[in-house]
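Chemist: Residue numbers for the sequence shown follow my numbering, so the first one is 438 and each next one is one higher.
We treat Cβ as the ideally placed atom computed from N, Cα and C, and that holds for glycine.
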Amino acid sequence: MDWNNYEERRQALAPFHYLPLFYLLPDELAIARKLDGFPRNPHKVVTDERWRDFYRSKFFQSRLMDAWGWLMWQGLGIKGGVESYSINDPFVLMVFNLPMWAALLVEMGITTDLLASYPPEKEIPFLTMGEAVYNAGHFIRRFWEHPQLKMREVWEVVKTHRDHRDFSAMNSHVKTDFYRKWYHTRAKIKTQSLYDEEGNAVYAPYIPNGFAEVELRIWFREFLKRLDARDKTIVQRPEEGYNQEEIAQMLGYANHSGVSKRVTSIRREFEKFRRE
438 MDWNNYEERR QALAPFHYLP LFYLLPDELA IARKLDGFPR NPHKVVTDER WRDFYRSKFF
498 QSRLMDAWGW LMWQGLGIKG GVESYSINDP FVLMVFNLPM WAALLVEMGI TTDLLASYPP
558 EKEIPFLTMG EAVYNAGHFI RRFWEHPQLK MREVWEVVKT HRDHRDFSAM NSHVKTDFYR
618 KWYHTRAKIK TQSLYDEEGN AVYAPYIPNG FAEVELRIWF REFLKRLDAR DKTIVQRPEE
678 GYNQEEIAQM LGYANHSGVS KRVTSIRREF EKFRRE
């Protein structure tokens, strides 16, 4: 292959649809998602078998999805961070939809053809967070104003049709506000995450930045697959507003003490899982 020939470069880069999204990430996000070692030269990705395989890996594409989704959520202007909502929320599903964003970028002229136009030896510098957020504003405007997607109308429907499954297990102000309306009274609010007897959250500890919260959700979804049906009930029912006493009755425990002990055990298992 003659890498000095634009047409050959263009054809070689065409299958790598997500590369433009990667090169639009700021350094801070790439480092947080452990993608900062990925080549800044798109031609190197295509010509090196190791990097081609890495690009196609679940690790790369899932980390790119998390980073891009977090960045796009900031521009949506929806109350509460993305960590306040579950994967069931329609707009969470959309911000983590890489094919949709890749298609929108193509419409805006940000394509693999653009990458092919760079000299083969060119290293694409990282964007700063400010530059990335500025670009994200343009992408979000395209998203909101797209004539086929009609997202403003969709958003009005989503706002009026939320239910408790649209919120994550983590506590948040936006979740509490929703539950107050859901139950129509403060007396029935039960929005605490799963806590042990010392008041420590099993899977929602305080985390100082949004990147770590995204990673924690990824870990916890994987951890849930290890639990049996009873433990999943203990973990997931608090999200639906049930307290330990009610969960104990569901599972046939004499009182909430049995549930509390399982909470402590599950918490230890999750911390071990994270360390692994």
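Per DSSP, what kind of secondary structure is phenylalanine 475 in: helix, strand or coil?
Modeler: Working through the sequence shown from its first residue, we reach residue 475 at position 38. Reduced to three states, the DSSP call for phenylalanine 475 is coil.
Chemist: If I measure Cβ to Cβ from isoleucine 547 and keep anything under 7 Å in the same chain, skipping five residues before and after, which residues do I get?
Modeler: Here residue 547 corresponds to residue number 110 of the sequence shown, with the count starting at 1. Same-chain partners within the cutoff: Pro457.
Chemist: Is the beta carbon of isoleucine 684 closer than 8 Å to that of isoleucine 703?
Modeler: Numbered from its first residue, the sequence shown carries residue 703 at position 266. Numbered from its first residue, the sequence shown carries residue 684 at position 247. Going by C-beta atoms, isoleucine 703 is not nearer than 8 Å to isoleucine 684.
Chemist: Measure from the alpha carbon of valine 696 to the alpha carbon of each residue in Arg667, Pro452, Phe707, then state which is nearest.
Modeler: By one-based count along the sequence shown, residue 696 stands at place 259. Selected option, being the one with the closest Cα: Arg667.
Chemist: Measuring only the C-alpha atoms, how far is valine 529 from valine 519?
Modeler: By one-based count along the sequence shown, residue 529 stands at place 92. By one-based count along the sequence shown, residue 519 stands at place 82. Their backbone Cα atoms lie some 7 Å apart in a straight line.
Chemist: Do you know how far the Cα of arginine 699 is from the Cα of tyrosine 643?
Modeler: Translated into positions along the sequence shown, residue 643 becomes position 206. Translated into positions along the sequence shown, residue 699 becomes position 262. Confidence at tyrosine 643 is low in this model, with a pLDDT of 35, below 50, so the placement of that residue is unreliable and no value is reported for it.
Chemist: Between arginine 602 and asparagine 680, is the Cβ-Cβ spacing less than 8 Å?
Modeler: For this step, residue 602 is matched to residue 165 along the sequence shown. For this step, residue 680 is matched to residue 243 along the sequence shown. No; because the gap between Cβ atoms is not below 8 Å, this pair is not in contact.
Chemist: Name the DSSP bridge partner or partners of proline 463?
Modeler: By 1-based counting over the sequence shown, the position of residue 463 is 26. Paired residues: Leu564.
Chemist: Terminal residues of the continuous alpha helix (DSSP H) containing isoleucine 547?
Modeler: As a first step, residue 547 is located in the sequence shown; it is residue number 110 there, counting from the start. Segment: none, isoleucine 547 is in no alpha helix (DSSP H) and carries neither H nor E.
Chemist: When the Cα of threonine 613 is compared with those of Glu706, Glu682, Gly517, which residue comes out closest?
Modeler: In the sequence shown, the residue the question calls residue 613 occupies position 176. Nearest option by C-alpha distance: Gly517.
Chemist: Within the same chain, show all residues whose beta-carbon is closer than 8 Å to that of serine 575, passing over the 5 residues directly before and after it, in chain order.
Modeler: Taking the sequence shown and counting its residues from 1, the one referred to as residue 575 is at position 138. At residue 575 the sequence reads histidine, which differs from the serine that was named. Excluding sequence neighbours, histidine 575 sits near Met545.
Chemist: Rank Val532, Ala540, Arg658, Phe710 by C-alpha distance to the C-alpha of alanine 504 and give the top, closest one.
Modeler: If you number the sequence shown from 1, residue 504 lands on position 67. Comparing Cα-Cα distances from alanine 504 to each of Val532, Ala540, Arg658, Phe710, the minimum goes to Val532.
Chemist: Would you kindly work out how many angstroms separate the C-alpha atoms of serine 554 and alanine 569, rounded to a whole number?
Modeler: Residue 554 sits at position 117 when you count from the first residue of the sequence shown. Residue 569 sits at position 132 when you count from the first residue of the sequence shown. The alpha-carbon atoms of serine 554 and alanine 569 are separated by roughly 21 Å.
Chemist: On the three-pair Cβ rule with 8 Å, is the stretch 463–472 touching the stretch 496–510?
Modeler: Result yes; three or more Cβ-Cβ pairs closer than 8 Å.
Chemist: So, serine 521 versus serine 609, is the Cβ gap smaller than 8 Å?
Modeler: Counted from its first residue, the sequence shown places residue 521 at position 84. Counted from its first residue, the sequence shown places residue 609 at position 172. The answer is yes: Cβ separation under 8 Å.
Chemist: CB-CB under 7 Å to isoleucine 515, same chain, minus the five flanking residues each way: which ones, in chain order?
Modeler: Locating residue 515 in the sequence shown gives position 78, counting from the first residue. The answer, listed in chain order, is Phe528.
Chemist: Assuming leucine 450 is part of the alpha helix (DSSP H), what are its boundary residues?
Modeler: Locating residue 450 in the sequence shown gives position 13, where the first residue counts as 1. It spans 443–450 - the alpha helix (DSSP H) in which leucine 450 sits, taken as one unbroken run.
Chemist: Do arginine 589 and phenylalanine 615 have their C-beta atoms within less than 8 Å of each other?
Modeler: In the sequence shown, counting from the first residue as 1, residue 589 sits at position 152. In the sequence shown, counting from the first residue as 1, residue 615 sits at position 178. The answer is no: Cβ separation not under 8 Å.
Chemist: The alpha helix (DSSP H) with proline 527 in it runs from where to where?
Modeler: Stepping through the sequence shown from its first residue, residue 527 is reached at position 90. Looking at the DSSP string, the run of the alpha helix (DSSP H) that includes proline 527 is 527–532.
Chemist: Can you tell me which of Ile561, Arg663, Glu560, Met537 puts its alpha carbon nearest to the alpha carbon of phenylalanine 580?
Modeler: Taking the first residue of the sequence shown as position 1, residue 580 is located at position 143. Among Ile561, Arg663, Glu560, Met537, the Cα nearest to that of phenylalanine 580 belongs to Met537.
Chemist: When we look at the beta-carbon of valine 594 and count the other beta-carbons within 10 Å, is it buried (16 or more) or exposed?
Modeler: As a first step, residue 594 is located in the sequence shown; it is residue number 157 there, counting from the start. Flag for valine 594 reads exposed.
Chemist: How would you label serine 605, buried or exposed, when you count the other beta carbons within 10 angstroms and need 16 or more for buried?
Modeler: Taking the sequence shown and counting its residues from 1, the one referred to as residue 605 is at position 168. It counts as buried.
Chemist: Could you check which residue in Gly474, Asp490, Asp473, Arg470 has the C-alpha nearest to that of proline 452?
Modeler: Taking the sequence shown and counting its residues from 1, the one referred to as residue 452 is at position 15. Per the Cα distances, Asp490.
Chemist: Classify alanine 573 as buried or exposed, calling it buried when 16 or more other Cβ atoms lie within 10 Å of its own Cβ.
Modeler: Reading the sequence shown from its first residue, position 136 is the one you call residue 573. Alanine 573 is buried by the Cβ-count criterion.
Chemist: Would you mind giving the Cβ-Cβ distance between leucine 535 and methionine 502, rounded to the nearest angstrom? I have them listed as a contact below 8 Å.
Modeler: Sequence index remark: in the sequence shown, residue 535 carries index 98 (1-based). Sequence index remark: in the sequence shown, residue 502 carries index 65 (1-based). Yes, they are in contact, since the Cβ atoms of leucine 535 and methionine 502 sit about 5 Å apart, within 8 Å.
Chemist: Count the other CB atoms within 10 Å of the CB of threonine 622; is the residue buried (16 or more) or exposed (fewer)?
Modeler: As a position in the sequence shown, residue 622 is number 185, starting the count at 1. A caution first: threonine 622 carries a pLDDT of 45, below 50, which makes its placement in the model unreliable, though a value can still be read off. With fewer than 16 other Cβ atoms within 10 Å, it is exposed.
Chemist: In angstroms with no decimal places, state the Cα-to-Cα distance between serine 470 and alanine 691.
Modeler: To locate residue 470, count along the sequence shown from 1; it is residue 33. To locate residue 691, count along the sequence shown from 1; it is residue 254. The displayed chain sequence assigns arginine, not serine, to residue 470. Each residue's alpha carbon lies about 45 Å from the other.
Chemist: Nearest to glutamine 511 by CA position, among Phe459, Tyr571, Gln498, is which residue?
Modeler: In the sequence shown, counting from the first residue as 1, residue 511 sits at position 74. Here the closest residue by C-alpha is Tyr571.
Chemist: Counting C-beta neighbours from all protein chains within 10 Å, is the total for phenylalanine 707 16 or more, i.e. buried, or is it exposed?
Modeler: Here residue 707 is taken as the residue at index 270 of the sequence shown, counted from 1. Answer is buried; the Cβ neighbour count reaches 16.
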